[in-house]
Amino acid sequence: MSEVVLRAENVETGYKGVQVLWGATVSVGKNEIVAVLGPNGAGKTTLLKAIIGFLKVWGGSIKFLNEEISGLPVHERVRKGIALVPEGRKLFPNMTVEENLVMGAYLYNIKRDKEIQNIMEIVYNLFPILKERRTQKAGTLSGGQQQMLAIGRALMTNPKILLLDEPTLGLSPKLANEVLETVVKLRNELGVSVLLVEEKVLLATRVADRIYLINQGRIEHEVLKKDFGKDELLYRYLGL
Amino acid sequence: MVTAEYVIFVTIAGVMLGTFYGLATIGLSFTFGILRILNSGHGSFVMIGAYISYWCFALLGLPPLVSSLLAFAVGFFMGFALYHGLISRVLGGPELISLVLMFAFGIFLQEVAKFSWSASPRGFTWGLGSINIFGYEYPLTRLIGGVVSAVIVLVLYVFLFRTKSGNAIRSVVEDPEGAALCGVNVSRVYALSLAIALGLTVASGALSTLFVSGGIEPYMGDPYTTRAFAIAVLGGLTSPFGSFLAGLLFGIIENLSYMLLSLANVGNPFSMTRFLTFAMILLVLLIRPQGLLKR
Amino acid sequence: MSKELLRLENVSKSFGGIRALNNVNLIIKEGEKLAIIGPNGAGKTTLFNAISGVFGLDSGRIFYMGRDITKLPPFKRKYLGISRAFQIPRPFAGMTVLDNVVVGALFSRDIKDIKEARVRAEEILSLVGLHSKKDELAVNLTSPEKKLLELARALAPKPKLLLLDEIVAGIPPAEVDKIMGLVVRISEQENISVVALVEHVMRVLKYVERAVFLHEGRVMMDDTPDKVLNSEVVKDIYLGKVYE
Amino acid sequence: YFVVAPPKPTEEIPDKITVGLTLGLSGSYSYASHQGLWGIQAAIKWINEVYGGIKIGNKAVKIELKYYDDQSNKELVSSLYEQLINVDKVDFLLGPYGSPLVMVAAPVAAKYNKLMINWMGTGDVIHEQGYKNLVMVSTHSSYQMRPAMEMIKTLDPNATIAVIFKEDEHNRYLARGALEEAGKLGLSVVFNKSYPVDIKDFTPIFTEMAAKKPDVIVICAHEADGILAAQQLAELNINAKLMIMGFVPSLKSFRDALGNLAEGWAGTNQWTYGASYTPSDAQALGYEWFGPTEDKFLELYNQVASPGQFPSEHAGAGAAAILVLARAIEKAQSLNQDAVRNVLNTMKLATFYGLYQIDPTTGKQIAHKEILSQWQGGRFVAIWPPEIATSRPVYPIPTWDEKRQGAQALP
Amino acid sequence: MDIRTHRSLIILFLVSLILLFVRVGIPETRQILSILFFYIALSEVFNLFTGLTLYVCFGYVAFVALGMYGGGATIKYLLSASSPPPLAVVLACAFAVAGILALILALAVGWISVRLKGAYFAIATIGLNEGLKNLIEGTGIWGGSSGLVIANDLIQSYNYDTFIFVTSELADYLIFTVYAVTILCIYLVIKSRLGYGLAALREDEEAANVMGVNVVRYKLIVFVISATLAGMLGAGKMIKDVAIYPPQAFAVSYTVEAIVISMLGGLGTVTGPVIGGLIYGVLKYVLTVSFPGLQLLALAPALMAMCVMFPYGIVGWLRRRFKGSKIESLLI
Ligand SMILES: Nc1ncnc2c1ncn2[C@@H]1O[C@H](COP(=O)(O)OP(=O)(O)OP(=O)(O)O)[C@@H](O)[C@H]1O
Ligand SMILES: Nc1ncnc2c1ncn2[C@@H]1O[C@H](COP(=O)(O)OP(=O)(O)OP(=O)(O)O)[C@@H](O)[C@H]1O
Ligand SMILES: [Mg+2]
Ligand SMILES: [Mg+2]
């Protein structure tokens, strides 16, 4: 593994006194796509929320590019280059598709309009339907279109690492596949690291370089790409 | 005799009154739209503005246009202080708690005003005279007040829809978590919005002295609150511009229907006017439940 | 052949310039197991909204058991036996899981008193495997549990027509079989027609007799699951090359 | 110079007499209530310190005041009066400020058969309900504009009159009285309309009125709307030979808001500083004098009031209530409620506030008279009734334009 | 409002009975308890609608005022007859008319406004309050701005002592009765189908509709019940106050105080208004008596502090505090 971009170590956190994560450790290297798989309620979403800062960590540390970030508010972490496509999307329903994307580029200096246009072009190329619907209000998009917009908006922040919480939820098989291919492309072309939480295990194994298996708030297992085919646990988990 | 000139004149008077109603309401719908705070202490902030205007004039001879800037600054500062001191602590709670909080704060302001400035009503005069519209005299102060109100609203519009901070505010309205994910400092936006909203409200209080420059006393704000709530609903509650438009309508209708009712000679025309205006709110809501301007 | 349950005649619905439903004609028979599939934005949810009455149609008519229900409000359709689960779960967050299902059961044709509704609700909760959580507030469920709650709430009133919008989205593959097995079992027992929108399409289609493929608001195919899955169009628009 | 009857043998004379009331120290009655309070306190100061206490038998009894803030809201009133009677055990009651609140307080006083001196609940109906223990020291609303009509009649019997009033209980009665009196005197009323409480623009109603070209404009208003009305009349340049308003022109804020445009405005008041009866006036009219002179009152008032305040009619009314009560107790030589009430029924008293005499069956005030004053050369001087007028009325007054040029209304 | 248990309602009744007996037995508590009765009744009636639907009616005071006018006008009318009917009949009629007028108004206004969602409903109803006030002032019905006063009618028709008993004793008990009836209504509603439907629409109106709940009708039903009781409360208030003037009758402060009390106690709970009413009433009264003229300067910060400390009200706070224990199930 090359340079470590993100390292969450022994993270403990939870909701209103109910602990969910019990010392989870994950790391993501530069140019790496790491998937976190696990049963429902294992704490995958919780882990991503802790990394982005919606949840305060109760113990452990989160380092981004070797800098401790666990004390920073969300917007500071975004500024440093972490982007999250959250569960439930969190779009701006009464703003248009384009306004949503522009908001993604909020941290850019307004003068660099050109740059914003460029990224927006990339996003529109990924999801042509968004370009078609640029003036439609986000809240009226279909479930899948909203998911695309959420990913697009995250890309607009120009992240160094992209945290994806079930990005293919509600997408058609074709589109789900395309989205994950896009993720690979983003990594290859833009050098974005990715931490992916995915329900569709098969798809995840096709794009991930490494997989963590999480259960009941603990990382139980780590599988490297070369072992995907033969790892007992993963194999069982896949239900194949 | 009702002549065309008379109708036009009454309408113009209604428009000016209406822009002022609009301005006096905008702060309310701004706070509700963005922070989901029902500012039941609205009138107290208007009262503070009127006092600022009075003091500025009485002590320094400053005209209301200048003192409304100062009033805005005072409201702005109060907004920040209020946000960090109180509002931020209840933001996650139920919507109505902010109503109680602001109600209490409004009372507090009134009492503080009473103890600092006494309950005696105050008044002053600009003595700007009037201009002639179609043979009717119309006070210049009102004209200025109306125009300035309109300008302020325009500035606000440009700010909200054409600037980055404006976009940030709107995005926070839509989804605070989503906004944070875009790098927006949500709590700063909240504080800023409350500051702007209260700034506008206090400024509208200062401008109110262009319309009514007497009877400035600690409890003068209460009718403003009720009125502003009604207008805000008509305008769609969360849309500042909707409420401006609604205020405008309110003013025009109030003046025009007085004219009609006094011709028809039923009851006391002025009180009936009010009744009709409020009945109209229900009707409008029946037809357009989202208010006049759909967002 | 069994009787016709639902018939859509030339149903259209646009939002602004977008034709979400474009002259849809569809017949569903009693007890039929049917899946509606289609790419994102095809109009599946819109179709369900139209059937359950969330909004009015631009044109066309909907018949249910021979009766024109085009103008009926949603709650009346529910009484007639049309039951619906939302794509994005909308549990009554502040109520307990049990009470959620009781509400589902209570407002229906067959169940009239609260006691009966409770018995029914407990029964359904055991079936979907949520019985142990019946006293939890719905807001505290995990997202797949919320999906199950949606299902339970939709099943509770003993409907005739069950509209399950993306009921297995976000459910791990291993669980999909369990849920679909359950749905099919109950619907066979109680002679319910099932219409499902699907994410795990390959798995789900094993459980249905008929598949309708929707695209850009139009019914593009209406055939057996096998034929639909193997059609070039469906592969091209919907499945993509992974499934080849 | 009065006969001291010996106290009834059964009655023990206390060391102090407590008088209780509620006031709207906060809320919309705040200004008037504060004025009232200061007036009451000044009068008590006079009785306790200058007069030496109420003389009962051979004791000089001091008065003590117990008051609560009813927040200008009727909700607390009945409970607070129960509190005053049951817990604080006050001996006598004063009414709260404002008719709606007096209406709520009166049944409580009746329940415990406590005498209640009503000082500023001027609604006529209060005293038409049959309460046995309610006594009024001020003029009722519907009498307040009558002297103005008398004056107009003598100035210009052919004058046309416009009446505009605020749509509330007090001002409606004011207007009603004005209209009745005008009818009686044969004055012609050409315009008569009301406006709502929270008015912000008089344009429509004034333009309509101006078309009728009235000689005299009578406005029944409170502070904010009254000042607004005067300003808008000026701005709309609507002239008349005389303009009269209720108590508003007497306010400092009225003069501040209008400047020289206030010239010629007349107002009616229960009392204003400078328009007081003197002991000799009283004697001439056959009334016994009691209490401080106007100047003494002002001196005492300044000791109790917040700095910078000047006594309004509310202060005068509050003071009068205490003075009337004190003198009645003294005459009755008893704290017995009925005994004091009996004295009040027949007593004829003059204070700096004016005359006191009631109709024994209703408790209504029949002797006190409104005073009309007018802004003349920067001073608000009494012009009516003639017996206490210090200046002649100016009629017609200068036009707005003339006043803008600096013209004053001088007789 | 939790559907699981009704036990706390019984406790509420017990607490109320104790209050009542104290009121009867210890005259010195009278002044404070009659304030408390009124506040508790006011916010409980408010709560019947708001608690069950989470819709806030800002025009709520209009129903109280209409009840005051209806009750007062009825009394005045009946007593103007040459031989006035017995007192009990007059009072019963006053309550009936007050209730019916409020019911009619609620039906008319509710029919429109209940279709509105959330805050729109809330403030649309403010127009109701102002509109009705201006109608009364504008047309001069019921005395218009001169007000409606019934003291003389009562004194003339019965006698002075009866008048005093009715206004200062009986009225309080009548107000208390309205409160008791309200609790009973809430009890009956929440244990019925209606209760389930309301609970569902409170959470998600559209989903509830799809689940078979006739949301518009259900909202209208409780709106009308609540308004009718508010009207009756108004009748009781009229008998206590014997006079009514539009500015006081339609003061928005009634509504705001009802909201404040509900929020302090815990919005959407049955026990909330009682707890909130006790706290608010006692606090306000004690401050008023101890610091005349300064009480608001103390009350306002106290309210603000309570908002910050108990954003979900005292009941909400207690519920969290005793989560899972028996006490929680009592705090409905
Ligand atoms: N807002 C919340 N409040 C309380 N508990 C929560 C909350 N969100 C999640 N939990 C609990 O935390 C645990 C982990 O939830 P999390 O959402 O992280 O799981 P997940 O692995 O993302 O599952 P899924 O596949 O359902 O998305 C679950 O037991 C859940 O009940
Ligand atoms: N209220 C609305 N306003 C405008 N457009 C809408 C609205 N609702 C749906 N649409 C549009 O109608 C089309 C059909 O949407 P629908 O939600 O029915 O799709 P779907 O088949 O359910 O897709 P998905 O699988 O992504 O949920 C989409 O293009 C969507 O953007
Ligand atoms: Mg998750
Ligand atoms: Mg869908």
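Chains as they are written, first to last, in my numbering: chain A, 2 to 241; chain B, 803 to 1097; chain C, 413 to 656; chain D, 18 to 428; chain E, 393 to 724. Where is the CB? At the ideal position from N, CA and C, for every residue including glycine.
7 Å CB neighbourhood of residue i in its chain, flanking five on each side removed
| i | result |
| --- | --- |
| L241 of chain A | Interpretation of L241 of chain A is limited by its pLDDT of 46, a score under 50 that renders its predicted location unreliable; the figure taken from the coordinates is listed afterwards. Closer than 7 Å at Cβ, skipping near neighbours: no residue. |
| V466 of chain C | P486 |
| R8 of chain A | S28 and K64 |
| A568 of chain C | V513, G516, A517, R532, A533 and I536 |
| G493 of chain C | R521, P571, K572 and L573 |
Integer Cβ distance of residue i from residue j, believed to fall under 8 Å
| i | j | result |
| --- | --- | --- |
| R1122 of chain B | D215 of chain D | Here chain B has residues from 803 to 1097 only, and residue 1122 of chain B is not among them. |
Cβ pair residue i, residue j closer than 8 Å
| i | j | result |
| --- | --- | --- |
| G947 of chain B | V817 of chain B | no |
| K381 of chain D | P164 of chain D | no |
| M96 of chain A | V124 of chain A | no |
| I518 of chain E | G451 of chain E | yes |
| S89 of chain D | S45 of chain D | yes |
| P231 of chain D | T177 of chain D | yes |
| N461 of chain C | R630 of chain C | no |
| S1059 of chain B | L1036 of chain B | no |
| A36 of chain A | E199 of chain A | yes |
| N159 of chain A | I212 of chain A | no |
| S495 of chain C | P571 of chain C | yes |
| V79 of chain A | L150 of chain A | no |
| L901 of chain B | L659 of chain E | no |
| W392 of chain D | W288 of chain D | no |
| V437 of chain E | L593 of chain E | no |
6 Å Cβ shell around residue i - same chain, five flanking residues per side excluded
| i | result |
| --- | --- |
| N209 of chain D | V180 |
| E88 of chain A | T46 and D166 |
| F19 of chain D | Note that F19 of chain D scores a pLDDT of 48, beneath 50, so its modelled location is shaky; the value from the coordinates is reported in the next line. Excluding sequence neighbours, F19 of chain D sits near nothing in its chain. |
| T407 of chain D | V398 and A399 |
| A433 of chain E | I567, V570, Y571 and L625 |
DSSP bridge partner residues for residue i (one or two, in chain order)
| i | result |
| --- | --- |
| L609 of chain C | C:I448 |
| E522 of chain E | Paired residue(s): none; E522 of chain E is not in a bridge. |
| G171 of chain A | For G171 of chain A, which the question treats as bridged, DSSP gives no partner whatsoever. |
| T368 of chain D | D:G371 |
| H627 of chain C | C:R630 |
| I80 of chain D | D:I34 |
| M262 of chain D | D:I236 and D:G284 |
| M153 of chain D | D:N135 |
| P941 of chain B | B:S932 |
Residues near residue i by beta carbon distance below 8 Å, same chain, minus five either side
| i | result |
| --- | --- |
| K62 of chain D | L317, Q320 and V321 |
| L298 of chain D | Per the sequence shown, residue 298 of chain D should be read as Asp rather than Leu. Answer for D298 of chain D: A367, E404 and I405, listed in chain order. |
| E807 of chain B | F936, G937 and Y938 |
* Asked: Whose beta carbon lies closer than 5 Å to any heavy atom of ligand 1, going through the chain in order?
  -> A:Y16, A:V21, A:N41, A:G42, A:A43, A:G44, A:K45, A:T46, A:T47, C:T554 and C:S555
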